[in-house]
Amino acid sequence: MDKIKGIAHKYGNNINTDIITPGKYMELSIEEMAKHAMEGVDPEFYSKVKEGDILVAENNFGSGSSRETAPQALKQAGIAIIIAKSYARIFYRNAINIGLAALELKEAEEILDRDELEVDMQAGTIFNLTQGKTYRFTPLPDRLLTMLEAGGLVAQLEQS
Amino acid sequence: MAMTLAEKILAAKAGKECVIPGEIVMVPVDCAMMTDILGPRIFAEQIEKLGKPIKNPAGAVVIADHYTPAATEHQSEIVKFSREWCLKHGVSFIELEGPCHQLLAEKGYSYPGSILVGTDSHSCTAGAFGCFATGIGSTEMLGVLVNGEIWFKVPESIRIEWKGSLAKGVYAKDIILQTIGEIGHAGATYCSMEFFGDTIESLSMDERMCIANMAVEAGAKVGLIAADQKTVDYLKYHDISQAENAPLYCADPDACYARRLVFDASDLVPVAACPHEVDNVKPVQDIAGLKVDQVYIGSCTGGRLNDLRIAAKMLQGKQVSKKIRLLVSPSSQRVWREALEEGLLKALSDAGSVVLAPTCGACLGLHSGTIGKGEVCVSTTNRNFIGRMGSKHGDVYLVSAATAAATALEGCITDPRAFL
Ligand code: SF4
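Taken in sequence, the protein lines are chains A and B.
When you line the first sequence up against the working numbering, it's residues 6 to 165, in that order.
When you line the second sequence up against the working numbering, it's residues 403 to 822, in that order.
1) Pick out whichever of B/Cys533, B/Ser668 and B/Val686 has its Cα sitting closest to the Cα of B/Thr805.
2) The alpha helix (DSSP H) that contains B/Glu542, what's its start and end?
3) Using only the heavy atoms of the ligand SF4, determine whether one of them is closer than 7 Å to the beta carbon of B/Ser770.
4) For the segment 477-492 of chain B, which residues have a CB atom closer than 9 Å to at least one CB atom of chain A, in sequence order?
5) Assign B/Tyr799 to one of three DSSP states: helix, strand, or coil.
6) Tell me the rounded alpha-carbon separation between B/Leu710 and B/Gly745.
7) From the DSSP output, in three-state form, read off B/Cys779 for me.
8) Please output, in chain order, the residues near the ligand SF4 using a CB cut-off of less than 5 Å to any non-hydrogen atom of the ligand.
9) For A/Gly11, is the classification buried or exposed, using 16 other Cβ atoms within 10 angstroms of its Cβ as the cut-off for buried?
10) Need the endpoints of the beta strand (DSSP E) that B/His491 sits in, please.
11) Does the distance from the C-beta atom of B/Ala810 to that of B/Val722 stay below 8 Å?
12) Can you give me the C-alpha to C-alpha distance between B/Gln718 and B/Ala753, rounded to a whole angstrom?
13) Can you name, in chain order, every residue of its own chain whose Cβ lies under 8 Å from the Cβ of B/Val431, other than the five neighbours on each side?
14) CB A/Ile101 to CB A/Met152, shorter than 8 Å?
15) Please state if the CB of B/Ala675 and the CB of B/Tyr799 are separated by a distance shorter than 8 Å.
16) Whose CA, out of A/Gly57, A/Tyr16, A/Val46 and A/Tyr97, lies closest to the CA of A/Leu122?
17) Under the DSSP definition of a beta bridge, which residues are partnered with B/Leu663?
18) Starting from B/Leu587, find everything on chain A with Cβ-Cβ shorter than 8 Å and list it in chain order.
19) What's the call for B/Val514, buried or exposed, on a 16-neighbour Cβ count within 10 Å?
20) Name the residue from A/Glu63, A/Glu32, A/Met126 and A/Asn19 whose alpha carbon lies nearest to the alpha carbon of A/Glu112.
21) Does DSSP put A/Arg72 in a helix, a strand or coil?
22) Distance cutoff 8 Å, beta carbons only. Does B/Ile627 sit that close to anything in chain A?
23) Would you mind sorting A/Met38 into buried or exposed? The rule is 16 or more other CB atoms within 10 Å of its CB.
24) Give a yes or no on whether 8 Å exceeds the smallest Cβ distance from A/Asp58 to chain B.
25) Could you please tell me which residues of the segment 29-58 of chain A, in chain order, have their CB closer than 7 Å to any CB of chain B?
26) Drop a sphere of 10 angstroms on the beta-carbon of B/Lys570, count the other beta-carbons inside from all chains shown, and report buried for 16 or more, exposed for fewer.
27) Anything in the segment 531-562 of chain B with a Cβ closer than 7 Å to a Cβ of chain A? List those residues in chain order, please.
28) Would you mind telling me which residues of chain A sit closer than 8 Å to B/Gly621, beta carbon to beta carbon, in chain order?
29) Quick one: is B/Lys410 buried, meaning 16 or more other Cβ sit within 10 Å of its Cβ, or exposed?
30) Starting from the C-beta of B/Ala803, find all residues in its chain whose C-beta is less than 6 Å away, skip the five residues before and the five after it, and write them out in chain order.
31) A/Phe50 by DSSP, collapsed to three states: which one?
32) Using the three-state DSSP reduction, which class does B/Gln448 fall into: helix, strand or coil?
33) Pick from A/Thr135, A/Pro76 and A/Ile88: whose alpha carbon is nearest that of A/Glu114?
34) Going by the CB atoms, is the gap between B/Val801 and B/Lys575 shorter than 8 Å?
35) Identify which residue in B/Gly586, B/Gln631 and B/Ile773 has its Cα closest to the Cα of B/Met791.
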């Protein structure tokens, strides 16, 4: 996987699935739902995210529902990668399954809103261009990296 | 090697002598449950494109519960799509009978020692039957349908022991809220929460389901209670074939638990999870008097027969406060009928509550009781996140059916012990 470079959008702890994609928008298409993503904590989210940006959060990101619309809407809004201190397990599996990279980084709180980041998935490094700092994370296991590279579980099944 | 409940089930299903936490195992899926909201409508096109058949249609079931009874044309179309997809693929379809997790129990899908995955995070409810049950996303479900199996990282286990008798006015809901308050909403992330002790053994299956249901609210992968004679009796009562042959796995006494917690049930008081997190747990008496607009008794957590019995007993011959509206949604069509036959619905209705269809509706703010801006809802459901039951400017307090009923009578948050 190539390096991913983008602007960080920073949030705190416990960003749950009812915040990422509220239940009342579940009937909408992903394109429409993405416009309401993160509305509970940041109504400007959709308008400010550019393609290839990075969402950074702290503990327990994506807790709650098994709704896959949560990672899908973030991906649709343009998020290329999520960096959090920790994830709720269903969200984490969902993100990888739909082809959205999710990384665990202990120092996620040091990253500030609008920092420019460069992520190297294979090497397991994040370079914070704004602060001039480098962080290390444990790269994803090979089987998950392969799935991400293929573009998610469905794309991988198609190839098999 | 000594194993926890989760390890026992996974080892048996993976065909291994033993498994250890962290190990990745491939297991066959016995039940693949999909809801209307996160089921076929999400992946039908992709499955079509893949051109692969569904490996085990007999083990798959779609339950239309979130969008039933449909509140809009669009919801109706989603249910129709799900129904037609099931027909085409030879998959069982159930609609309008109530929230999925209650139906999985009544229809024998929550079978001891089996593997159940569902496109709903509260699929862990089936853990009350000693079934390794967990929520997955729709794409992962597609993989399960096509492959008939799933990989799991063997979780670490947390041993939660409740001993002693509950005081009057204190229930299973209080047990699980107190447990989550202690562990924290992410304290059991990736783990198996395993419940033991004489308190748990003494609980009915309805009450055990209330406990396992909320394991995911502490982040757990599964919430397990060892199957016993009560489990078998429940299956028999619901005419489930193979009830007698259900494997009754026990955790080994010297199994390795990452953490052990012991609670004394006799110390427990009625508690509430306050906005906007499930682990924000306080004694009901500390928030007593808070003004309430709506009380909701329902869902796969708190709308079972035992909940309706508790509420009906408290409301019998009384009137709910004029300041609030009380909505009751029995957790299945069967529960609805049983409650009718027992006279519970009459008692509830006479007291001024409105009895709704069995549905997910209000629980996730879709229909049948969505709350407005600035409103406060006291609810027997399982989640109080911002916007969960409607407006993001509303507040949800999670409580037992007894606390809900007491609150409905007084029109403000009320400790149920005053009514016993
Ligand atoms: S009743 Fe509520 S928690 Fe249960 S399945 Fe329905 S929406 Fe989910």
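C-beta: ideal position from N, C-alpha, C; glycine also.
This is what the structure gives:
1) Of the listed residues, the one whose Cα sits closest to B/Thr805 is B/Val686.
2) Ser540 to Asn549 is the extent of the alpha helix (DSSP H) around B/Glu542.
3) Not one heavy atom of the ligand SF4 falls within 7 Å of the beta-carbon of B/Ser770.
4) Per Cβ criterion, the list reads Gln477 and Ile480.
5) Here B/Tyr799 sits in strand by DSSP.
6) Looking at the two C-alpha atoms, the distance is approximately 10 Å.
7) Correct three-state label for B/Cys779: strand.
8) Here the list is B/Pro501, B/His524, B/Ser701, B/Cys702, B/Cys762, B/Cys765 and B/Leu766.
9) By the neighbour-count rule (16 or more Cβ atoms within 10 Å), A/Gly11 is buried.
10) B/His491 -> not in any beta strand (DSSP E); alpha helix (DSSP H) instead, spanning Glu475 to His491.
11) Yes; because the gap between Cβ atoms is below 8 Å, this pair is in contact.
12) In a straight line, the C-alpha of B/Gln718 is about 7 Å away from that of B/Ala753.
13) Asn458, Gly461, Ile517, Leu518, Val519, Val546, Gly550, Glu551 and Ile552, listed in sequence order.
14) A/Ile101 places its beta carbon less than 8 Å from that of A/Met152.
15) Yes, the pair counts as a contact, with Cβ atoms nearer than the cut-off.
16) Selected option, being the one with the closest Cα: A/Gly57.
17) Per DSSP, B/Ile562.
18) In the sequence under discussion, the amino acid at residue 587 of chain B is His, which differs from the Leu named in the question. The contacting residues are Asn19, Asn65 and Ser68.
19) In the sequence as displayed, the identity of residue 514 of chain B is Pro instead of Val. That one is buried.
20) Distance check between A/Glu112 and each of A/Glu63, A/Glu32, A/Met126 and A/Asn19 places A/Glu63 closest, using alpha-carbon atoms only.
21) Assignment of A/Arg72 by DSSP, reduced to helix, strand and coil, places it in the coil class.
22) Output row for B/Ile627: interface = no.
23) Buried, because 16 or more other Cβ atoms sit within 10 Å of the Cβ of A/Met38.
24) Among the residues facing chain B, A/Asp58 is not included, as its CB has no counterpart in that chain under 8 Å away.
25) Contact residues of the segment 29-58 of chain A toward chain B are Lys29, Met31, Glu32 and Gly45 (C-beta to C-beta distance below 7 Å).
26) B/Lys570 counts as exposed, since fewer than 16 other C-beta atoms from the protein chains shown sit within 10 angstroms of its C-beta.
27) Listed by position along the chain: Gly537, Ile538, Gly539, Ser540, Thr541, Glu542, Leu544, Gly545 and Val548.
28) By Cβ distance, chain A contributes Asn65, Ser68, Ala93 and Arg94.
29) Counting the other Cβ atoms within 10 Å of the Cβ of B/Lys410 gives 16 or more, which makes it buried.
30) Non-local C-beta neighbours of B/Ala803 in its own chain, meaning closer than 6 Å and more than five positions away in sequence, comprise Ile699, Gly704, Asp709, Ile712, Ala713 and Thr782, ordered along the chain.
31) Helix.
32) If DSSP states are grouped into helix, strand and coil, B/Gln448 belongs with the helices.
33) Distance check between A/Glu114 and each of A/Thr135, A/Pro76 and A/Ile88 places A/Ile88 closest, using alpha-carbon atoms only.
34) In this structure, B/Val801 lies closer than 8 Å to B/Lys575 by Cβ.
35) Selected option, being the one with the closest Cα: B/Ile773.
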